[in-house]
Amino acid sequence: MSLDLIKLKQEIALLILDKLENVEITPERAAQIAKFVLKNFPENLTDEQVRVIIPKLGDQFHELVGVVHKHLSMYEEGNKDKKIKVVNTLIKQAQLDQVQNMLKQHFTEKNI
């Protein structure tokens with residue numbers, strides 16, 4: 001299990017406990033969230049699979065929007081750093097066609 005997934009599960013658990021203590025959610029709602037997390041985030045997920053599933057948390061459980069946003073932002077930042085390193089390496093190797101293809105793919109994903 002990746003450290004990001006462990007951290008995500010921990011933050012969700014702490015948020016659920018905090019909201020229960022402050023009577024911001026019912027025990028039934030907390031159970032729904034916990035069941036969703038246990039069902040949809042098994043230990044063998046890749047980081048990419050986690051990134052795809054995380055938005056569903058925010059869609060189904062508005063209580064988790066802050067956690068969802070934080071983890072999606074962390075993923076995007078880490079992914080951006082990886083892409084920059086790859087592009088720099090390709091430029092040094094004079095593989096400009098590959099650089100161009102990566103940039104096209106990046107901007108297509110961003111809908112720019």
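Just so we're aligned: the sequence shown equals residues 1 to 112 in full-length UniProt numbering. All C-beta atoms in this analysis are idealised placements derived from N, C-alpha and C, irrespective of residue type, glycine included.
For residue i, which residues from the same chain have a beta carbon less than 8 angstroms from its beta carbon, with the 5 sequence-adjacent residues on both sides left out?
i     : result
Val87 : Val99, Met102 and Leu103
His69 : Gly58
Return the chain-ordered list of same chain residues with a C-beta closer than 6 angstroms to the C-beta of residue i, the five sequence neighbours on each side being excluded.
i     : result
Thr89 : none
Phe41 : none
His71 : Leu8 and Ile54
With distances taken from CA atoms, which of the options is nearest residue i?
i     : options                       : result
Pro55 : Val67, Leu45 and Thr46        : Val67
Ile16 : Leu45, Val52, Gly78 and Glu63 : Glu63
Quick check on the burial criterion: 16 or more other C-beta atoms within 10 angstroms. Buried or exposed for residue i?
i     : result
Leu38 : exposed
Leu96 : exposed
From what residue to what residue does the alpha helix (DSSP H) around residue i run?
i     : result
Leu57 : Asp47 to Gln60
Val37 : Pro27 to Asn40
Inset, instruction - Output the residue ranges of the beta strand (DSSP E) runs that lie fully inside the stretch 76-100 and measure 3 residues or longer, sorted by chain position. - result: None, since the stretch 76-100 contains no complete beta strand (DSSP E) of that length.
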